[in-house]
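Those letters in the sequence shown? Residues 303 to 392, by the working numbering.
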Amino acid sequence: ARSARWKLNVPLIHGDYAHILDWPYEKGLINAPSMLLYGGRSVYTSPEARSAMRGLAPEMREHCIESAGHWVHAEAPDETISVIREFLGA
């Protein structure tokens with residue numbers, strides 16, 4: 303059986319945090335299939351935020367895991383993996 307593991311590069315995120323916040327948000331920036339996977343209890347994915355994200359990625363699919371908050375992969379790992387595999391066609 304194949305398995306998956308989450309890896310999070312905390313030092314990189316911490317070091318680049320200001321750069322991440324200054325990202326040049328331009329409409330239509332991502333012109334490729336993409337997915338927004340978010341938790342239904344997350345305060346970061348308001349309808350307004352999702353609308354802004356759709357402006358950045360017109361081909362974006364959305365999937366909400368209602369039982370999860372912001373850290374979807376940690377709070378609902380099995381469903382997260384299932385949704386990602388389906389998106390990737392695995």
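Positions of the beta carbon are idealized from the N, C-alpha and C atoms, including for glycine. Bear in mind that the values here come from a model prediction, so they are computed numbers and not experimental data.
Integer-rounded CB distance, given that residue j should sit under 8 Å from residue i
i: L310; j: L331; result: No, L310 and L331 are not in contact; Cβ-Cβ is about 24 Å, not under 8 Å.
Own chain residues within Cβ distance below 7 Å of residue i, not counting five before or after
i: L338; result: R352, M355, M362, E364
i: S336; result: A359, E361, M362
Sub-8 Å separation of residue i and residue j beta-carbons
i: E350; j: I367; result: no
i: G342; j: S384; result: no
i: Y340; j: V374; result: yes
i: S344; j: G371; result: yes
For residue i, three-class secondary structure by DSSP
i: H365; result: strand
i: Y319; result: helix
i: S344; result: coil
8 Å Cβ shell around residue i - same chain, five flanking residues per side excluded
i: I322; result: I315
Beta-carbon contacts of residue i that lie in its chain and below 6 Å, excluding the five residues immediately before and after
i: F389; result: M337
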